[in-house]
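What follows is a single structure, written as structure tokens, with notes after it.
Number of protein chains: 2
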Amino acid sequence: MREVAVVGIGSTRFGRLPDAITRLGAAAARDALFDAGISASHVEVAYCGYSLTGLISGQECGAGQLTLRDVGIVGIPVTRVENACSSGSCAFREAWMAVSSGAYDVALALGMEKMTDCETSRAMEVLSCASDTQLESSQGLTFPGVFGMIARRHSYEFGTTREQIAAVAIKNHRYGAANPKAHFQMEIGLEDVLASRMVADPLRLLDCGPMSDGAAAAVLVSANRLKSLTNARPVWVASSAQTSGSYDARAPITGFDLTVRAAKQAYERAGIGPENIDLAEVHDCFTIAEIIHSEDLGFCQKGEGGRLVESGATEVTGKIPINVSGGLKAKGHPVGATGLGQIAEIVAQLRGGAGPRQVPQARTGLAHCMGGFFHADAASVVIHVLRV
Amino acid sequence: MREVAVVGIGSTRFGRLPDAITRLGAAAARDALFDAGISASHVEVAYCGYSLTGLISGQECGAGQLTLRDVGIVGIPVTRVENACSSGSCAFREAWMAVSSGAYDVALALGMEKMTDCETSRAMEVLSCASDTQLESSQGLTFPGVFGMIARRHSYEFGTTREQIAAVAIKNHRYGAANPKAHFQMEIGLEDVLASRMVADPLRLLDCGPMSDGAAAAVLVSANRLKSLTNARPVWVASSAQTSGSYDARAPITGFDLTVRAAKQAYERAGIGPENIDLAEVHDCFTIAEIIHSEDLGFCQKGEGGRLVESGATEVTGKIPINVSGGLKAKGHPVGATGLGQIAEIVAQLRGGAGPRQVPQARTGLAHCMGGFFHADAASVVIHVLRV
């Protein structure tokens with residue numbers, strides 16, 4: 005397999021945005037091309053991740069082609085990749101595969117979603133289509149419900165406190181406030197979290213990621229085409245790993261076995277361990293999720309995630325900065341765009357261009373995205389390790 | 005890039021079927037594994053193509069994981085690939101890419117769709133989501149309307165007759181009647197076509213592909229893993245090509261430039277020309293489509309497609325047998341499954357196992373699938389050349 009570099013990133017602001025999904029996607033794609041210093045005609049293949057837009061807007065098929073036409077990218081293979089909340093990460097992964105295979109030298113990975121074009125109740129119904137509609141969502145088992153149960157069990161088993169769980173929201177909102185692309189640019193305190201509306205006990209409104217619109221993109225190039233194409237500083241894809249759940253109903257719900265397995269693959273392929281990761285973007289769709297993922301990714305022992313965030317270790321100056329973009333929680337969660345938003349953040353950090361959120365001496369970063377939830381397990385976890 | 009072989013194929017019958025999409029997909033996947041002589045644990049990565057099921061059943065996300073769990077395939081990367089009516093072909097292509105890249109040795113490509121779980125009017129509305137919902141389907145420009153206009157123009161420019169267009173339906177129904185997996189297993193005559201209900205002048209009901217349920221699958225293996233894995237006779241992927249439309253509104257509507265471009269790539273990469281193709285499965289969503297694709301694939305001159313089918317050249321004993329499976333027209337069109345159904349037919353033919361539909365001395369076959377329709381052009385064309 006050939007070495008692949010990211011040479012361009014682009015992203016809209018995430019949030020409740022007035023533009024159509026194709027406008028958002030085109031803006032992110034244009035930014036990524038401009039950042040890479042290449043033109044539309046250089047792109048040889050494109051993968052577009054979106055998940056729920058069809059159910060919301062009706063444009064189920066071909067939104068990638070319609071979007072890229074506005075950027076002047078026509079004729080080339082454009083393929084939609086979908087894996088619930090990990091759709092954008094899967095688009096990046098397929099783009100990486102297309103270049104590493106030798107089939108193409110220059111690929112565009114695009115993620116986009118338009119979640120706010122409907123009532124919140126409809127958005128909830130649409131999100132429930134990422135669980136088993138026959139066995140789970142039809143029973144009322146929505147995502148807040150799932151993660152509420154997980155939070156209760158984590159507290160019971162490991163003594164994780166309400167304050168530790170809230171610390172994730174407080175931290176991520178603080179970084180969101182320092183990120184001009186974030187959905188929420190306001191700091192919050194413990195009292196705000198505890199006073200917010202109960203959603204699924206013990207999770208309150210400020211424990212939950214928002215419905216966001218947005219798009220993000222990345223340009224990937226083969227090592228041998230790099231120098232002739234662009235002067236952009238490359239960020240290398242050290243490894244790409246993807247897993248699905250094992251549907252083991254007896255497995256503990258306080259961890260995600262498929263994150264553990266994907267992380268093992270990602271570390272092995274990159275020839276490193278979790279101690280070598282300088283910063284991570286993890287899938288904090290709910291506050292408790294960040295705590296659990298930080299354990300499953302090996303940043304602390306199982307059960308120690310609450311104490312990890314409380315200790316300050318996941319702050320920008322800590323041992324393992326996590327979600328210093330603001331994360332899904334504050335940066336926002338436009339489903340198909342989320343995974344590519346993580347890639348954009350890691351690349352910006354590894355280039356030293358993250359401004360007030362810059363992690364000192366960041367040379368290796370990890371992006372972790374999770375999609376779907378089936379029978380006490382997730383449908384998809386995708387991990388990428390990037391480095392300079 | 006590494007050489008990749010197809011070693012197993014599977015398919016349900018296509019038609020109006022009682023089973024849920026996950027049952028259909030699992031049956032096809034199981035058949036493909038059995039045909040390859042391998043077990044579920046050998047599969048390292050899976051791609052699942054489906055397009056419109058989310059809009060019909062609500063299971064937008066993760067249907068691939070839910071399906072493969074029933075086959076005992078868990079834990080591995082499972083990614084949905086979507087590109088309207090070419091979704092199954094794109095799933096096959098990504099599986100080919102994953103193996104040719106060296107990332108995996110054994111891949112499963114699965115395509116499935118459940119179209120009949122709703123009223124026909126809703127199915128039409130859902131299918132219109134494969135055009136530009138803002139500019140096209142909102143104006144009433146449905147697929148029958150598009151192909152009706154194309155048929156009129158083709159007749160005007162090239163003298164294509166009503167009888168020649170009907171000959172496609174008559175031929176494909178005759179082969180469908182010889183294919184136990186086909187949706188329609190009844191022969192029809194010219195008078196049946198001409199007496200059938202008008203849909204979009206000049207296209208009548210028997211000029212139109214049906215709404216079908218079904219699933220099809222293929223197992224792909226790297227050349228170096230082949231001998232240690234299975235005794236199955238390999239069918240090699242000689243080339244894979246994919247294009248999108250160029251949105252050139254001035255282009256003639258009597259041909260698909262993106263088929264021409266994809267065919268050129270597919271032939272070049274395989275080191276052959278159209279004269280070397282022993283049989284082809286082409287995307288006959290409407291009768292006129294087969295005529296046009298047979299021209300754009302180089303099986304005859306532009307404008308000669310009507311005379312080609314009339315001459316008998318596309319029969320099983322003709323110069324270039326086309327859609328001897330019955331095609332979308334008679335075999336059926338379960339959107340996401342269609343492309344993999346074509347692969348299954350080509351593989352069966354190249355192995356010499358197609359029974360009464362067997363093309364003599366078939367050594368090289370071509371599968372052509374088209375998805376979506378935007379602004380006088382298609383959204384996606386995927387071509388695979390297979391050979392023994």
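Protein sequence lines correspond, in order, to chains A and B. Just so you know, we're using the working numbering here: the first sequence kicks off at 5 and counts up by one. Just so you know, we're using the working numbering here: the second sequence kicks off at 5 and counts up by one. By construction, the Cβ of each residue, glycine as well, lies at the ideal position given by its N, Cα and C atoms. If you're wondering where the values come from, they're calculated on a predicted model, not measured in any experiment.
Specify the secondary structure class of residue i as computed by DSSP and reduced to three states.
{"i": "Cys373(A)", "result": "strand"}
{"i": "Lys118(B)", "result": "strand"}
{"i": "Phe96(B)", "result": "helix"}
{"i": "Ser212(B)", "result": "Residue 212(B) is actually Cys in this sequence, not Ser. Cys212(B) falls in the strand class under three-state DSSP."}
{"i": "Arg178(A)", "result": "helix"}
{"i": "Arg126(B)", "result": "helix"}
{"i": "Asn228(A)", "result": "helix"}
{"i": "Thr368(B)", "result": "strand"}
{"i": "Cys133(B)", "result": "helix"}
{"i": "Asp35(B)", "result": "helix"}
{"i": "Thr318(A)", "result": "coil"}
{"i": "Met5(B)", "result": "coil"}
{"i": "Gln189(A)", "result": "coil"}
{"i": "Pro217(A)", "result": "Here the sequence assigns Asp to residue 217(A), which means Pro is not the residue at that position. Looking at Asp217(A) - three-state DSSP - the assignment turns out to be strand."}
{"i": "Ile326(B)", "result": "strand"}
{"i": "Val78(A)", "result": "coil"}
{"i": "Val363(B)", "result": "coil"}
{"i": "Glu140(A)", "result": "coil"}
{"i": "Thr291(A)", "result": "helix"}
{"i": "Thr247(B)", "result": "strand"}
In angstroms with no decimal places, state the Cα-to-Cα distance between residue i and residue j.
{"i": "Gly115(A)", "j": "Gly343(A)", "result": "7 Å"}
{"i": "Ser197(A)", "j": "Pro184(A)", "result": "Reading off the sequence shown, one finds Val at residue 197(A), where the question assumed Ser. The alpha-carbon atoms of Val197(A) and Pro184(A) are separated by roughly 22 Å."}
{"i": "Gly249(B)", "j": "Asp381(B)", "result": "5 Å"}
{"i": "Ala30(B)", "j": "Asp261(A)", "result": "24 Å"}
{"i": "Ile347(B)", "j": "Leu332(B)", "result": "13 Å"}
{"i": "Gly12(A)", "j": "Ile42(A)", "result": "9 Å"}
{"i": "Ala253(A)", "j": "Asn176(B)", "result": "48 Å"}
{"i": "Arg97(A)", "j": "Asp282(B)", "result": "36 Å"}
{"i": "Met126(A)", "j": "Ile25(B)", "result": "Position check: residue 126(A) holds Arg in this sequence, whereas Met was assumed. The straight-line gap from Cα to Cα measures roughly 24 Å."}
{"i": "Pro364(B)", "j": "Glu349(B)", "result": "14 Å"}
{"i": "Thr16(A)", "j": "Ser132(A)", "result": "26 Å"}
{"i": "Ser90(B)", "j": "Phe303(A)", "result": "42 Å"}
{"i": "Ser61(A)", "j": "Gly62(B)", "result": "14 Å"}
{"i": "Phe378(B)", "j": "Phe147(B)", "result": "11 Å"}
Quick check on the DSSP output: the beta strand (DSSP E) that includes residue i runs from which residue to which?
{"i": "Cys52(A)", "result": "49-53"}
{"i": "Arg84(B)", "result": "82-86"}
Report yes if the CB atom of residue i is closer than 8 Å to the CB atom of residue j, and no otherwise.
{"i": "Gly310(B)", "j": "Gln138(B)", "result": "no"}
{"i": "Ile326(B)", "j": "Val286(B)", "result": "yes"}
{"i": "Arg178(A)", "j": "Glu191(A)", "result": "yes"}
{"i": "Thr71(B)", "j": "Ala33(B)", "result": "yes"}
{"i": "Leu110(A)", "j": "Val225(A)", "result": "Per the sequence presented here, residue 110(A) reads as Val, with Leu not at that position. Yes, the Cβ-Cβ distance between Val110(A) and Val225(A) is below 8 Å."}
{"i": "Ala170(B)", "j": "Ala383(B)", "result": "no"}
{"i": "Met153(A)", "j": "Ser216(A)", "result": "no"}
{"i": "Gln246(B)", "j": "Val386(B)", "result": "yes"}
{"i": "Gly1(A)", "j": "Ile174(A)", "result": "One cannot answer for residue 1(A) here, as it falls past the ends of chain A, which runs 5 to 392."}
{"i": "Ala371(B)", "j": "Ser55(B)", "result": "no"}
{"i": "Gly66(B)", "j": "Ala67(A)", "result": "no"}
Could you tell me the boundaries of the alpha helix (DSSP H) in which residue i lies?
{"i": "His158(A)", "result": "147-162"}
{"i": "Ile387(A)", "result": "Here Ile387(A) belongs to no alpha helix (DSSP H); instead the beta strand (DSSP E) covers 384-391."}
{"i": "Ile350(B)", "result": "339-354"}
{"i": "Thr16(B)", "result": "It is not in any alpha helix (DSSP H) - Thr16(B) carries neither H nor E in the DSSP assignment."}
{"i": "Ser61(A)", "result": "57-61"}
For residue i, tell me which candidate among the options has the shortest Cα-Cα distance.
{"i": "Ala36(B)", "options": "Glu64(B), Leu112(B), Gly331(B)", "result": "Leu112(B)"}
{"i": "Gly53(A)", "options": "Asp300(A), Val339(A), His379(A)", "result": "Val339(A)"}
{"i": "Glu451(B)", "options": "Gly193(A), Arg265(A), Glu64(A), Val313(A)", "result": "Look at the range of chain B in this structure, 5 to 392, and you will see that residue 451(B) is not part of it."}
{"i": "Arg201(B)", "options": "Arg237(B), Asp211(B), Ala236(B)", "result": "Asp211(B)"}
{"i": "Phe162(A)", "options": "Thr318(A), Ala24(A), Thr258(A), Ala383(A)", "result": "Thr258(A)"}
{"i": "Arg367(A)", "options": "Ser298(A), Pro238(A), Ala266(A), Gly330(A)", "result": "Pro238(A)"}
{"i": "Gly369(A)", "options": "Gly336(A), Ala334(A), Val320(A)", "result": "Val320(A)"}
{"i": "Val223(A)", "options": "Ser132(A), Gly345(A), Ser329(A), Glu272(A)", "result": "Gly345(A)"}
{"i": "Gln353(A)", "options": "Arg391(A), Ser141(A), Ser15(A)", "result": "Arg391(A)"}
{"i": "Arg157(A)", "options": "Ala173(A), Asp205(A), Leu230(A), Ser55(A)", "result": "Asp205(A)"}
{"i": "Pro81(A)", "options": "Phe290(A), Val49(A), Glu308(A), Ala102(A)", "result": "Val49(A)"}
{"i": "Ile276(A)", "options": "His388(A), Thr124(A), Ala107(A), Thr146(A)", "result": "His388(A)"}
Under 7 Å from any heavy atom of the ligand FAD, does the C-beta of residue i make it?
{"i": "Gln353(B)", "result": "Among the ligands in the structure shown, none appear at all, so the ligand FAD cannot be discussed."}
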